[in-house]
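Protein chains in written order, with this note's numbering: chain A, 443 to 836; chain B, 156 to 439.
Glycine is no exception: its CB is placed at the ideal position from the N, C-alpha and C atoms.
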């Protein structure tokens with residue numbers, strides 16, 4: 443891929459004796475869309491603020507193009523930020539908000555041979571660049587509006603334009619879609635990815651929304667409790683999670699205690715399943731991840747395992763069913779309907795089984811027993827509009 | 156009634172009608188009345204005689220407001236940058252004089268500024284007066300500070316400074332910190348963050364601070380009486396004389412009040428326009 447632009451080396455951050463970041467090592471390539479993903483309090487925003495220059499790490503280095511920038515103030519970094527709540531200047535209109543960064547800039551006077559004299563950017567160039575940006579964010583004609591006369595999605599796009607107009611090498615985005623509704627969020631995800639490809643710079647994106655991360659990113663960095671859990675492409679993270687935390691955080695997963703009998707053979711519930719993983723010790727205890735969509739329902743007599751359906755939820759494209767296998771509840775996504783109480787067999791293909799080393803997260807995730815209540819609530823919510831519709835028909 | 160809540164406004168409407176609107180109407184009626192109760196414009200015809208007082212009042216109020224702004228804004232800004240403990244202590248110190256009676260506060264300034272008051276005694280002790288006499292060949296026993304316009308302005312600034320600090324402080328403290336971070340992120344240094352973001356966004360506080368200092372300063376009468384010694388007659392004193400003093404003439408008093416009110420309203424309107432204009436100017 444392209445060359446490395448930012449490197450975080452042994453980054454640690456302590457707030458009030460409370461460690462927030464724990465030995466973060468990460469490199470970010472030029473023109474990459476990288477997402478820092480994790481639950482709130484995992485240190486993702488702190489990492490972003492350190493890159494932006496709004497926080498100074500307790501120890502460790504931030505390198506930009508190979509130069510240490512720990513002590514460089516934000517306004518001298520070739521990095522701009524899109525803030526969580528946009529932080530548009532309420533007293534300035536859209537045009538002036540976008541032009542703000544350009545008006546702050548001074549650059550060597552081209553007519554001065556010594557190059558020591560600094561001049562402001564001429565008004566014509568500011569106008570041209572602001573208009574260019576309004577084009578990129580499709581908000582032409584809005585330049586005289588004040589931010590409070592814009593919708594959330596429009597404010598968001600102005601915030602992006604205000605950062606991009608400075609032609610930074612890196613754009614930092616701190617949960618920029620958090621305040622938007624679902625539909626708009628999906629549109630903006632595509633929009634953001636398009637803008638990133640159009641301007642061709644590095645985006646570092648912070649979110650707790652795994653779907654957002656999977657949709658947009660070239661690279662995802664999964665964080666928890668101030669540490670990086672896994673770095674990889676969306677496919678890597680989804681298909682080959684490193685531990686139970688990652689498997690649970692990204693998508694739905696059934697995580698079962700298992701024993702790696704030997705390479706390509708794992709034992710669960712006393713039964714042996716062929717799989718594709720290797721590199722473990724013989725008979726090493728492991729966590730086994732099985733994604734709900736990788737499980738086939740088969741007649742009882744053909745099943746590798748047999749369990750009882752305890753809950754069924756219709757999701758449109760598929761049914762989410764909860765199946766009890768000897769007290770451990772699995773989530774299975776299937777297009778076939780199985781009634782509650784039915785005994786069913788399941789079959790898992792070798793490529794549907796992913797084996798992970800035991801970690802401190804083992805045993806904390808991957809059992810759907812506690813999720814049944816949540817499903818019940820969802821059921822109730824989805825039933826309500828149906829009842830109304832049937833009432834109309836009568 | 157559209158809803159129950161609007162019924163709750165009735166007592167306030169009555170209150171406003173009785174104690175705000177009615178007195179203003181009475182002032183207007185009085186201002187256009189002669190002693191025998193008939194309509195007249197004579198009260199306003201006399202206004203020219205008092206042009207000196209009008210000018211003096213507005214000049215002193217303007218100076219006091221300006222000084223309050225020059226002291227108050229930086230103080231409010233510095234306070235907002237400090238920690239919560241500093242803010243609490245500073246707030247108490249600002250409010251503390253206001254817990255004392257207004258007249259008492261002003262009396263205490265009298266004993267400080269008097270010819271043989273605290274300040275003059277101090278100047279004598281440290282040889283300041285002797286130095287002054289040497290330098291300028293004068294033969295002063297004390298500096299005359301009481302009964303001057305300076306003393307009146309000092310009294311206004313001292314009494315009304317909190318009304319300048321508080322609105323500015325409360326606006327600055329509520330500024331979203333991410334706005335300041337955004338400005339820094341976009342290349343603004345400390346000065347430009349202040350000039351381009353904090354200052355324009357704190358203008359509403361400045362405007363209400365100016366109003367809250369200027370209006371009472373224009374109409375004050377106790378301060379000028381006590382610190383100006385009655386030599387520097389202000390509008391407030393003039394009006395008071397018409398109602399309570401020997402020059403009893405409530406009709407003239409009402410007319411002066413009305414003219415003063417109108418000038419103040421015009422000043423405020425112009426200032427608010429100027430405030431909006433300033434915002435525009437910052438944008439350019």
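Assigned secondary structure, residue i (DSSP; H/G/I helix, E/B strand, else coil)
i                      : result
residue 694 of chain A : coil
residue 198 of chain B : helix
residue 665 of chain A : strand
residue 578 of chain A : helix
residue 477 of chain A : strand
residue 569 of chain A : helix
residue 454 of chain A : strand
residue 761 of chain A : strand
residue 300 of chain B : coil
residue 352 of chain B : helix
residue 815 of chain A : Bear in mind that a pLDDT of 44 at residue 815 of chain A, under 50, signals an unreliable position, so the number given afterwards is only what the model happens to contain. Three-state DSSP puts residue 815 of chain A in a helix.
residue 643 of chain A : coil
residue 820 of chain A : Because residue 820 of chain A sits at a pLDDT of 42, beneath the cut-off of 50, its placement in the model cannot be relied upon, and the following sentence gives the value as read from the coordinates. Helix at residue 820 of chain A.
residue 711 of chain A : coil
residue 317 of chain B : helix
residue 468 of chain A : strand
residue 514 of chain A : coil
residue 729 of chain A : strand
residue 359 of chain B : helix
residue 191 of chain B : coil
residue 750 of chain A : strand
residue 230 of chain B : helix
Rounded C-alpha distance that separates residue i from residue j
i                      : j                      : result
residue 465 of chain A : residue 503 of chain A : 11 Å
residue 694 of chain A : residue 730 of chain A : 13 Å
residue 341 of chain B : residue 236 of chain B : 21 Å
residue 700 of chain A : residue 580 of chain A : 53 Å
residue 777 of chain A : residue 687 of chain A : 28 Å
residue 744 of chain A : residue 626 of chain A : 46 Å
residue 720 of chain A : residue 705 of chain A : 4 Å
residue 315 of chain B : residue 657 of chain A : 59 Å
residue 223 of chain B : residue 270 of chain B : 26 Å
residue 771 of chain A : residue 755 of chain A : 15 Å
residue 264 of chain B : residue 310 of chain B : 8 Å
residue 722 of chain A : residue 446 of chain A : 33 Å
residue 188 of chain B : residue 376 of chain B : 25 Å
residue 571 of chain A : residue 325 of chain B : 37 Å
residue 276 of chain B : residue 268 of chain B : 10 Å
residue 732 of chain A : residue 535 of chain A : 52 Å
residue 815 of chain A : residue 753 of chain A : Any answer about residue 815 of chain A is weak, because its pLDDT of 44 lies below 50 and its placement is not dependable; what the coordinates show is given next. So the two alpha carbons sit approximately 10 Å from each other.
residue 530 of chain A : residue 576 of chain A : 15 Å
residue 345 of chain B : residue 339 of chain B : 8 Å
residue 617 of chain A : residue 655 of chain A : 11 Å
residue 199 of chain B : residue 373 of chain B : 19 Å
residue 661 of chain A : residue 648 of chain A : 12 Å
residue 220 of chain B : residue 501 of chain A : 50 Å
Beta carbon of residue i nearer than 8 Å to that of residue j
i                      : j                      : result
residue 760 of chain A : residue 788 of chain A : no
residue 763 of chain A : residue 751 of chain A : yes
residue 537 of chain A : residue 585 of chain A : yes
residue 369 of chain B : residue 231 of chain B : no
residue 470 of chain A : residue 448 of chain A : yes
residue 607 of chain A : residue 563 of chain A : no
residue 417 of chain B : residue 320 of chain B : no
residue 387 of chain B : residue 304 of chain B : yes
residue 611 of chain A : residue 644 of chain A : yes
residue 646 of chain A : residue 453 of chain A : no
residue 364 of chain B : residue 298 of chain B : no
Reference residue i, options the options, closest by Cα
i                      : options                       : result
residue 407 of chain B : B:304, B:240, B:203 and B:308 : B:203
residue 411 of chain B : B:398, B:423 and B:421        : B:398
residue 227 of chain B : B:362, B:190 and B:260        : B:362
residue 659 of chain A : A:460, A:728, A:809 and A:635 : A:635
residue 347 of chain B : A:593, A:450 and A:517        : A:517
residue 679 of chain A : A:461, A:796 and A:561        : A:796
For residue j and residue i, believed in contact at Cβ under 8 Å, the rounded distance
i                      : j                      : result
residue 697 of chain A : residue 689 of chain A : 6 Å
residue 512 of chain A : residue 523 of chain A : Not really, about 17 Å apart at Cβ, beyond 8 Å.
residue 614 of chain A : residue 521 of chain A : 6 Å
residue 168 of chain B : residue 393 of chain B : Incorrect: roughly 34 Å between the Cβ atoms, too far for contact.
residue 728 of chain A : residue 800 of chain A : 6 Å
Cβ-heavy atom distance, residue i to the ligand MG, below 7 Å
i                      : result
residue 601 of chain A : For the ligand MG, the structure offers nothing, since it holds no ligand at all.
Interface residues of chain C facing residue i [CB-CB closer than 8 Å]
i                      : result
residue 299 of chain B : Absent from the structure: chain C. Protein chains present are A and B.
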